[in-house]
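*Asks:* Sharing a structure below in structure tokens format, with a few things to ask.
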Amino acid sequence: MNASSKPERTRLSAEDWEEAALGLIADQGVGALAVEALARQLGVTKGSFYWHFRTREALLLAALERWEQYGEREVLGQIETIADPRERLPELFRRVAHELRPHRVYAALLKALDHPLVVPVMARVSQRRTDFLNTAYREAGLPPEDAINRARLTYAAYVGFLQLNFTLGLPRLGHDEFDAYIEHMIATLIPA
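The opening position of the sequence shown corresponds to residue 5 in the numbering used here, with each subsequent residue numbered one higher.
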């Protein structure tokens, strides 16, 4: 084989490793995260990994931060720009409903709440999401006590749905059935 027929190797970035780690976490859980498995999946040597990260834990922390930042920037950050909370809440429900990978990562992280790197990330994410919902419900006209309770109920429904679907492995809803479920959630949880 001459040099010109060899496949060109692409240098992987830290972000590539983080994304691959999130994919593995979503598919197999935090415990399955291993440098060797990721290197094989990416078609590179472990040396490529060590160019960016000192340890598996450093990769896990970076991947968790990437997942957390995605939720902040790409989801809540964009939804917050909608001025009317009565439009913001339904848009949040509809948008989040179809974000499969972040849900799968979240469900995997729920199973890893005994991991010392996972706990603080999940605490921050849950608090931020509950705060976001609480603010939106207050802005939609609910009294403070009702708003926080509705925020907790909404977030609990979200986490419960993930648990039922990803952890217990219940049959997945078809597209139309799932969309009808989301519309039911909107009608039930968002004040008219």
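All residues carry an ideal CB built from backbone N, CA and C; glycine is no exception. These numbers come from a predicted model, not from an experiment.
1) Taking Y141 and A160 to be in contact with their CB atoms under 8 Å, please state how far apart those CB atoms are, rounded to whole angstroms.
2) Start and end of the alpha helix (DSSP H) containing H119?
3) Count the other CB atoms within 10 Å of the CB of L117; is the residue buried (16 or more) or exposed (fewer)?
4) Measure the beta-carbon distance from L28 to A36 and round it to whole angstroms, keeping in mind my assumption that it falls under 8 Å.
5) What are the complete alpha helix (DSSP H) segments, minimum 4 residues, inside the segment 23 to 97?
6) Determine the burial state of V123: buried for a count of at least 16 other Cβ atoms within 10 Å of its Cβ, exposed for fewer.
7) If distances are taken between C-alpha atoms only, which option among E22, L42, F170 comes closest to A62?
8) Pick out whichever of L80, V100, S17 has its Cα sitting closest to the Cα of M189.
9) With 16 as the cutoff for other CB atoms within 10 Å, does R77 come out buried or exposed?
10) Just verifying my parser: in three-state terms, what is the DSSP assignment at E187?
11) On the three-pair Cβ rule with 8 Å, is the segment 147 to 154 touching the segment 95 to 111?
12) Taking F182 and H107 to be in contact with their CB atoms under 8 Å, please state how far apart those CB atoms are, rounded to whole angstroms.
13) Quick one: what's got a C-beta closer than 8 Å to K115's C-beta in the same chain, skipping five residues either side?
14) Quick one: what does DSSP say S130 is sitting in, helix, strand or coil?
15) Assign E19 to one of three DSSP states: helix, strand, or coil.
*Replies:* Inspection of the coordinates gives the following:
1) As a working note, residue 141 is residue 137 in the sequence shown. As a working note, residue 160 is residue 156 in the sequence shown. With a Cβ gap of about 14 Å, Y141 and A160 do not count as contacting.
2) Residue 119 sits at position 115 when you count from the first residue of the sequence shown. Run containing H119: none; DSSP gives neither H nor E here.
3) Sequence index remark: in the sequence shown, residue 117 carries index 113 (1-based). L117 comes out exposed.
4) Taking the sequence shown and counting its residues from 1, one reaches residue 28 at position 24. Taking the sequence shown and counting its residues from 1, one reaches residue 36 at position 32. That belief holds up - the Cβ atoms of L28 and A36 are roughly 6 Å apart, short of 8 Å.
5) 39 to 46, 50 to 56, 60 to 74
6) In the sequence shown, residue 123 corresponds to position 119, counting from 1. V123 should be labelled exposed.
7) As a first step, residue 62 is located in the sequence shown; it is residue number 58 there, counting from the start. Comparing Cα positions, the closest option is E22.
8) What you label residue 189 is simply residue 185 of the sequence shown in a count that begins at 1. That would be V100, whose Cα lies nearest to the Cα of M189.
9) In the sequence shown, counting from the first residue as 1, residue 77 sits at position 73. Looking at its Cβ environment, which holds fewer than 16 other Cβ atoms inside 10 Å, R77 is exposed.
10) Position 183 of the sequence shown, counting from 1, holds the residue named residue 187. E187 falls in the helix class under three-state DSSP.
11) no
12) Translated into the one-based positions of the sequence shown, residue 182 becomes position 178. Translated into the one-based positions of the sequence shown, residue 107 becomes position 103. 12 Å between Cβ atoms; not a contact.
13) Within the sequence shown, residue 115 is the residue found at index 111, counting from 1. Closer than 8 Å at Cβ, skipping near neighbours: G33, V34, T171.
14) Within the sequence shown, the letter at position 126 stands for residue 130. Of the three classes helix, strand and coil, the one that applies to S130 here is helix, per DSSP.
15) Position 15 of the sequence shown, counted from the start, is the residue given in the question as residue 19. Correct three-state label for E19: helix.
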